[in-house]
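This report concerns only the one structure given below.
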Amino acid sequence: TKGPEIRTGQLAGRADVTIEAGAELFLSVDHADFESGTAEKVFVDYKDLPKVVRPGMSVFIDDGLLNLQVLETSPGGVKCRAVNTAALGEKKGVNLPGAIVTLPAVSEKDRRDLEFGAKMGVDFIFASFIRKASQVEEVKAALGEAGQHIMVISKIENQEGVENVDAIIAASDGIMVARGDLGIEIPAQDVFAVQKSVVAKCNRAGKPVIVATQMLESMVHNPRPTRAEVSDVGNAVVDGADCVMLSGETAKGRYPVKAVEIMNDVCLKAESMLDFRGMYHKLHPASARMAGLPIKEAIALSAVNASLEHEVALIVVVSDSGDTAKFIAKYRPRAQVVAILSDPSAARRLLAHRGINPLLVEQRAKTSLAGMIRTAVEVSVQAEIIRPGETVIVVHEDRTMPNLGQSSYATPHSVMRMFRVGDGE
Numbered sequence: 114t115k116g117p118e119i120r121t122g123q124l125a126g127r128a129d130v131t132i133e134a135g136a137e138l139f140l141s142v143d144h145a146d147f148e149s150g151t152a153e154k155v156f157v158d159y160k161d162l163p164k165v166v167r168p169g170m171s172v173f174i175d176d177g178l179l180n181l182q183v184l185e186t187s188p189g190g191v192k193c194r195a196v197n198t199a200a201l202g203e204k205k206g207v208n209l210p211g212a213i214v215t216l217p218a219v220s221e222k223d224r225r226d227l228e229f230g231a232k233m234g235v236d237f238i239f240a241s242f243i244r245k246a247s248q249v250e251e252v253k254a255a256l257g258e259a260g261q262h263i264m265v266i267s268k269i270e271n272q273e274g275v276e277n278v279d280a281i282i283a284a285s286d287g288i289m290v291a292r293g294d295l296g297i298e299i300p301a302q303d304v305f306a307v308q309k310s311v312v313a314k315c316n317r318a319g320k321p322v323i324v325a326t327q328m329l330e331s332m333v334h335n336p337r338p339t340r341a342e343v344s345d346v347g348n349a350v351v352d353g354a355d356c357v358m359l360s361g362e363t364a365k366g367r368y369p370v371k372a373v374e375i376m377n378d379v380c381l382k383a384e385s386m387l388d389f390r391g392m393y394h395k396l397h398p399a400s401a402r403m404a405g406l407p408i409k410e411a412i413a414l415s416a417v418n419a420s421l422e423h424e425v426a427l428i429v430v431v432s433d434s435g436d437t438a439k440f441i442a443k444y445r446p447r448a449q450v451v452a453i454l455s456d457p458s459a460a461r462r463l464l465a466h467r468g469i470n471p472l473l474v475e476q477r478a479k480t481s482l483a484g485m486i487r488t489a490v491e492v493s494v495q496a497e498i499i500r501p502g503e504t505v506i507v508v509h510e511d512r513t514m515p516n517l518g519q520s521s522y523a524t525p526h527s528v529m530r531m532f533r534v535g536d537g538e
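Numbered by the working numbering, the letters in the sequence shown go through residues 114 to 538 in order.
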């Protein structure tokens, strides 16, 4: 979604203007100035701007390249002084650190886009500038019944979002630590601490978390990343990120394929260094203190524990919804997880969770459990995930339980089995 985004207008000569340090710049909220921006006055598409800033506050334009200090406000706009010299182009983003932005989380354009996305069957929606949990519900409501399956990933990119992150995580299907705007909205030295905190909170909640922005930024122009960028990617994986994301590197960079290859190599190296047993014990107590774990999560917890104790290389999950596979991913097994599903959309959504490899099967109801497991093992052997003689854990629904009438046990529950590849299973 576009979300509560604020941008400048167009410039009179359609060419960049230079704002000199110390010069005054008036930010007009009068739409008559939309196409007539100069080095002295530019339009900003937020009519409440004079109401939410006050003298002494900072305004950042174009990802912070231009830093302005508010001098005074009036109904028509805000007078500022440039702190630094910078070139200003058209329709650049505006950040207001410390201000409470009154724009809605879902604009009319967003609403149309969300309805279109739901109709087209998209799998993910990335909700921009989420500041509180009610805005996540607003996005979900806009998706309507047709979009109930869509995962809403909330982007944390301002101070208010950081302050309300616990409630936002609970309301969302996943979180993105969007460090671009976040690094402007909060002090730069706080970004890494917020990133680590949000990743840890998502891990405990079992929600996928994505770390994004400038991960290999130098590769927009250069064939190799800096050592600091490589460390940034690796540390995000070690901290517990489910996904790391490229943006400008692949959207406009000169080396998009190379950037993906290098990020993949760094992720694999970081994964090889993870203390999976330590992560399991770190996450386990957090869930053990919660009363009444869901049965699927309890089975998943047992499966991960068994995989660590017996050094299992593969966990096969047979699931209609993928929920059991998500619970297994939550507890960070060293073993690869192959989730067998018949729903392509559910399979794609599982890719947001660390370590899950979805395997689509046709006509699930007509495929035997043994046949599906055999297929998963064969595919895993071919992919060199597992070798003959190694142990496999299978988690699946038990459909053999007798009919117990209205008892809660009448609904099939997940069970766990272990076998060794080549044992004739």
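In this text, a Cβ means the ideal position worked out from N, Cα and C, and glycines have one as well.
* Asked: What residue ranges within the region 293 to 368 form continuous beta strand (DSSP E) runs of no fewer than 3 residues, ordered along the chain?
  -> 322 to 325 and 356 to 358
* To do: Tell me, to the nearest whole angstrom, how far the beta carbon of LYS268 is from that of ALA240; I am working on the premise that it is less than 8 Å.
  => Rounded, the Cβ-Cβ distance is 6 Å, consistent with contact.
* Under the rule that 16 or more other beta-carbon atoms within 10 Å means buried, what is ILE323, buried or exposed? -> buried
* Asked: With respect to the alpha helix (DSSP H) encompassing THR437, which residues constitute its N-terminal and C-terminal limits?
  -> 436 to 443
* List the whole-angstrom C-beta distance separating GLY435 from LEU454, where the pair is believed to meet the contact cut-off of C-beta under 8 Å. => 6 Å
* Asked: Among PRO446, ASN208 and VAL350, which has the Cα closest to the Cα of LYS309?
  -> VAL350
* Asked: From ALA523 to LYS443, what distance separates their C-alpha atoms?
  -> Only weak support exists for where ALA523 lies, its pLDDT of 48 falling under 50; the coordinates are left without a value.
* Asked: Can we say the region 272 to 282 touches the region 243 to 259, given the rule of at least three CB pairs closer than 8 Å?
  -> yes
* Buried or exposed by the 16-neighbour rule on C-beta atoms within 10 Å, applied to VAL155 -> Per the 10 Å Cβ criterion, buried.
* Local Cβ density within 10 Å of ARG225, reported as buried at 16 or more and exposed below that -> exposed
* Within its chain, find whatever has a CB closer than 8 Å to the CB of LYS371; leave out the 5 residues flanking it on each side and keep chain order. => Scanning its chain for C-beta atoms nearer than 8 Å, with the 5 sequence neighbours on each side dropped, one finds around LYS371 the residues MET332 and PRO336, in chain order.
* To do: Alpha carbon to alpha carbon, how far is ALA291 from THR326? Give it in angstroms, no decimals.
  => C-alpha of THR326 to C-alpha of ALA291: approximately 6 Å in a straight line.
* Asked: Start and end of the beta strand (DSSP E) containing SER139?
  -> A small fix is needed here, since residue 139 is Phe in this sequence, not Ser. Run containing PHE139: 137 to 141, per the beta strand (DSSP E) assignment.
* **GLY260 burial status per 10 Å Cβ neighbour count (16 or more: buried)** => Taking all protein chains in view, the Cβ of GLY260 is crowded by 16 or more other Cβ atoms within 10 Å, so the residue is classified as buried.
* **Neighbourhood of VAL450 by C-beta distance below 7 Å, restricted to the same chain and skipping five residues each side** => The residues are ILE428, VAL430, ALA438, ILE441, ALA442, GLY468, ILE469 and ASN470.
* Asked: Is the Cβ-Cβ distance between THR151 and ALA125 less than 8 Å?
  -> One thing to note: THR151 has its Cβ within 8 Å of the Cβ of ALA125.
* Asked: For the region 407 to 417 against the region 362 to 378, are there 3 or more C-beta pairs whose distance is under 8 Å?
  -> no
* Starting from PRO471, follow its DSSP beta bridges and name the residues at the other end. => ALA452
* **Uninterrupted alpha helix (DSSP H) stretches inside the region 479 to 514 (no shorter than 4 residues)** => Within the region 479 to 514, the complete alpha helix (DSSP H) segments at least 4 residues long are 482 to 495, listed from N- to C-terminus.
* Tell me LEU181's beta-bridge partners as DSSP assigns them. => VAL172 and ALA195
* ALA489 to ARG390, Cα distance in whole Å? -> 25 Å
* For the beta strand (DSSP E) that contains LEU227, what are its first and last residues? -> Segment 221 to 233 is the alpha helix (DSSP H) holding LEU227; no beta strand (DSSP E) there.
* Asked: CB-CB under 6 Å to GLY190, same chain, minus the five flanking residues each way: which ones, in chain order?
  -> PHE139, LEU140, SER141 and VAL142
* **Neighbourhood of LYS115 by C-beta distance below 7 Å, restricted to the same chain and skipping five residues each side** => Excluding positions up to five away in sequence, the list reads SER220, LYS222, ASP223 and SER241.
* **Distance between SER187 and GLY319 (C-alpha atoms, nearest Å)** => Pairing GLY319 with SER187, the inter-Cα distance amounts to about 47 Å.
* DSSP state of LYS395, grouped into three classes? -> It is helical.
* Asked: For GLY274, does the three-state DSSP call read helix, strand or coil?
  -> helix
* DSSP state of THR114 mapped onto helix, strand, coil -> coil
* Alpha carbon to alpha carbon, how far is ALA460 from ALA231? Give it in angstroms, no decimals. => Distance between ALA231 and ALA460, taken at the CA atoms: about 17 Å.
* Between GLN123 and GLU148, what straight-line distance do the alpha-carbon atoms span, to the nearest angstrom? -> 5 Å
* Does the beta carbon of ALA465 fall short of 7 Å from some heavy atom of the ligand HEM? -> In terms of ligand content, the structure shown is empty, and the ligand HEM therefore cannot be addressed.
* Asked: Comparing alpha-carbon positions, which option in GLN248, SER285 and ALA301 lies nearest HIS262?
  -> Residue SER285 is the option with its Cα nearest to HIS262.
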